[in-house]
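Numbering (the working numbering), first residue to last: 3 to 129. See structure below.
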């Protein structure tokens with residue numbers, strides 16, 4: 003899977019609320035800093051942290067891929083992906099609009115394809 007395909011797959015799994023699927027994109031010792039600031043070390047912890055986000059305040063949200071930048075670091079890839087985050091609603095069901103989200107991921111080739119060693123998700127202001 004190329005780096006851009008990794009980013010699209012991440013977005014598709016996010017939109018499906020599939021934290022288990024998202025966790026398979028990580029190496030067993032992968033780590034993630036989630037949108038809500040949770041730090042997860044290891045694939046199981048990544049799945050739990052993403053499940054908490056996607057079952058909580060980010061339930062029903064979707065990611066649309068924006069600008070993608072990939073840098074080759076010898077055998078690893080640094081993916082910098084911008085997304086638009088939509089589908090967020092408040093406790094009264096009111097749409098909270100669109101928001102920016104940046105992902106920075108260190109991707110390592112494995113037998114299963116590219117897998118994330120580290121992913122950092124940072125909310126951005128659109129504008």
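No residue lacks a Cβ here, since even glycine has one placed at the ideal position from N, Cα and C.
Residue 117 counts as buried, since no fewer than 16 other beta carbons sit within 10 angstroms of its beta carbon.
For residue 104, the enclosing beta strand (DSSP E) covers residues 101-112. Looking only at 75, 112, 29, 10, the smallest Cα-Cα distance to residue 64 is reached by 10.
In the structure shown, residue 61 adopts coil according to DSSP, grouped into three states.
Across the set 44, 81, 38, 74, the C-alpha of 38 shows the shortest separation from the C-alpha of residue 60. For the 8 Å CB-CB criterion, residue 8 and residue 24 do not form a contact.
Taking the CA atoms as reference points, residue 32 sits about 18 Å from residue 4.
Scanning its chain for C-beta atoms nearer than 8 Å, with the 5 sequence neighbours on each side dropped, one finds around residue 13 the residues 64, 65, 66, 67, 85, in chain order.
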